[in-house]
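Asker: In my numbering, the protein residues as written are 444 to 888.
Provided herewith is a single structure, encoded as C-alpha cells, for subsequent inquiry.
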C-alpha cells in the first residue's frame, strides 16, 4: 500500500506510474480518489469537532440544564449520521488504496509486455557469463545459447520414456494440469531441495515450515489480493474452525511475510532472512490452452522460496544478493540461463517496485522458460502487514520486503531434462545431483 502522504503530495507521479503499468479502470482514478480523500478528511474533522463538544458538555459539573441535555441529544444524532457517511466514504477510500500499485523503481524500463523486458545477465556452462555485446533486448543471448545437432525431445516425451513423469494417471485422479513425479524425478526434486537448503542455512537463513491455508489478510498483505484473487483457491468454510475463510497459498511468500505481521523488530537484527519449502496452488485462470503440456504450468507445484525483510536503504542490495544465490544454484546445476529486468507493463503483482526473472534456456525449444522471480517490494507489503523496525534514533519505520522464488521444482526438472538429454533419449544427471539420484545417466525403460 502506498503512503497516503506521498499520494497527496505527488499525484502526478502516481498517475504516471499507473499509466506506465498499463492499468485502467475506475479503481485507478487518482483525481477521483483525491476528492474522496478530501471529503474523508472533512468528515473526520466534523466528527472530531462534534465529539469534542459532546465531551465538553459531559465534563461540566453539576446537574445538566434542559438546554445542555437537548444539545447532547442533537450532538449524538449528528455524530451518528456523520459516522455513517464517514464509514461509507472510508470504504471507498480504502478501495482505492487497495488497488493503487506500488511505485516503480527508477531502473524499471518502459514497456507494455514480455517483448519489452530487458536482458542484463546471461550465462552458459561452456562460456560462463556472456559479454555485454552479446546480451540485451528481450533475449539477444539466445543466439549464443547451446544448440543440439540431433532432433531433441521435450520434457514430457523424455519423462514418460524414462518412467519419471506420469500425467495420464494424475488426470484420472485429479483432472488436467496435475502430475505424478516418480522414481529419479522424485529423487531429483529431493536433491534440489537439499542443495539449496544447505546453501541457505550456510548463508544464515532461518528454515520455516509454514501454513498452506491462510486468511485473507495474508494474501492482501502480499498484494495477491485484490489484484490476483482469481488465481487463488478458496476453501469451503463449512468445517473450518470459527468459520474462518481460508485460501490455499500460491507461494510461501504470504505465509512467510505474515510471520512478521503486526510486529516491530530491532533494526540491529535486520536483515531477517528465511525460507520455506511448500506445495503451492494456483487456478491459472486466463491461461487455458497455454503451456498445458507436461508439468510447465500446473495447478499444484512445489517450491523452495527465500525471502527477507530489511532496512529501506538495504533492499536494492538485498535483491541483488538473492539473485546471486539464484545464479549460484543454477550454475551448480549447469543450466544455461539469462536474467531479465521486467518492464513497467509486465512488472507482475501490485507490490512490485522492481522485478527480475531468471529464465533457463531450453535447447529443444530454442527458447527460455521462466524458473523464478526476484522482487523488491519496498515498504508496500510492510504497510499492509504493519511490519516495522526501530532505527538507531528510536523511530519506528516500515521495513522493506524482498522475495525470491528460489527453486520452482517442476520447472527446474524441465530445464535439467531438456539440457542434459542425449541423442538416444537418455538423460545425463547433473553431477551435483548424482549423490541424491544414485545414477549418472537415466535411460529409457
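All residues carry an ideal CB built from backbone N, CA and C; glycine is no exception.
#1: Out of 462, 740, 585, point me to the one whose CA is closest to residue 546's CA.
#2: State yes or no: is the C-beta of residue 718 within less than 8 Å of the C-beta of residue 631?
#3: List in chain order: all unbroken alpha helix (DSSP H) runs of 4+ residues lying wholly within the region 729 to 792.
#4: Taking Cβ positions, are residue 646 and residue 768 nearer each other than 8 Å?
#5: Evaluate residue 512 with the Cβ neighbour count: other Cβ atoms within 10 Å of its Cβ, from every protein chain shown; 16 or more gives buried, anything less gives exposed.
#6: Do the region 597 to 606 and the region 828 to 840 touch if we need at least three Cβ pairs shorter than 8 Å?
#7: What is the DSSP secondary structure of residue 566, counted as helix, strand or coil?
#8: By the DSSP assignment, the alpha helix (DSSP H) with residue 631 in it spans what residues?
#9: Measure the alpha-carbon distance for residue 506 versus residue 521 and round it to whole angstroms.
#10: CA-CA distance, residue 723 and residue 691?
#11: Would you kindly work out how many angstroms separate the C-alpha atoms of residue 621 and residue 700, rounded to a whole number?
#12: Three or more C-beta pairs under 8 Å: does that hold for the region 771 to 790 against the region 559 to 568?
#13: Would you grab the beta carbon distance between residue 655 and residue 721 for me? Rounded to a whole angstrom, and I think it's under 8 Å.
#14: Let me check one thing: in DSSP terms, what residues is residue 804 bridge-paired to?
#15: So residue 705 is in the alpha helix (DSSP H); what residue range does that whole segment cover?
#16: Whose CA, out of 544, 878, 489, 635, lies closest to the CA of residue 796?
#17: Taking 8 Å as the threshold (C-beta atoms), are residue 819 and residue 762 in contact?
#18: Write down the C-beta distance between residue 822 and residue 841 rounded to the nearest angstrom, noting that I regard them as a contact closer than 8 Å.
#19: My output table needs one value for residue 932: the three-state DSSP class, helix, strand or coil.
#20: Helix, strand or coil for residue 651? Go by DSSP, reduced to three states.
#21: Would you mind working out which of 881, 494, 875, 886 sits nearest residue 777, comparing C-alpha positions?
#22: Could you have a look at residue 620 and say whether DSSP puts it in helix, strand or coil?
#23: In its own chain, which residues sit with a C-beta less than 8 Å from the C-beta of residue 674, not counting the 5 before and 5 after it?
#24: Tell whether a beta-carbon distance below 8 Å holds between residue 598 and residue 800.
#25: Taking 8 Å as the threshold (C-beta atoms), are residue 553 and residue 928 in contact?
#26: Using the C-alpha atoms, what's the distance from residue 577 back to residue 585?
#27: Is any heavy atom of the ligand ADP found at a distance shorter than 7 Å from the C-beta of residue 592?
#28: Could you name the residues that DSSP lists as bridge partners for residue 884?
#29: Here's a check: name, in chain order, each residue in its chain whose Cβ is nearer than 8 Å to the Cβ of residue 687, leaving out the five neighbours to either side.
#30: List the residues that DSSP assigns as beta-bridge partners of residue 715.
#31: Since residue 818 sits in a beta bridge, which residues does DSSP pair it with?
#32: Is residue 468 closer than 8 Å to residue 811 when the C-beta atoms are compared?
#33: So, at 8 Å on beta carbons, what are the nonlocal neighbours of residue 931 in its own chain, with the 5 sequence-adjacent residues on each side left out?
#34: Name the DSSP beta bridge partners of residue 571, please?
#35: Let me know if residue 695 comes out buried or exposed under the rule of 16 or more other beta-carbons within 10 Å of its beta-carbon.
Answerer: To lay it out plainly:
#1: 462
#2: Taking C-beta atoms as the reference points, residue 718 and residue 631 fail to come closer than 8 Å.
#3: 758 to 776
#4: yes
#5: exposed
#6: Touching, no, given that fewer than three Cβ pairs across the two stretches are closer than 8 Å.
#7: strand
#8: 627 to 645
#9: 23 Å
#10: 8 Å
#11: Taking C-alpha positions only, residue 621 is separated from residue 700 by approximately 28 Å.
#12: yes
#13: 6 Å
#14: 811
#15: Run containing residue 705: none; DSSP gives neither H nor E here.
#16: 544
#17: yes
#18: 4 Å
#19: Given a span of 444 to 888 for the chain in the structure shown, any question on residue 932 remains unanswerable.
#20: strand
#21: 875
#22: coil
#23: 667, 693, 725, 726, 727, 728
#24: no
#25: It is not possible to answer for residue 928, since the shown part of the chain is limited to 444 through 888.
#26: 9 Å
#27: This structure lacks the ligand ADP; in fact it carries no ligand of any kind.
#28: Beta-bridge pairing links residue 884 to 871.
#29: 658, 680
#30: 752
#31: 798, 846
#32: no
#33: The displayed coordinates of the chain run from 444 to 888. Any statement about residue 931 would go beyond what the structure contains.
#34: 567
#35: buried
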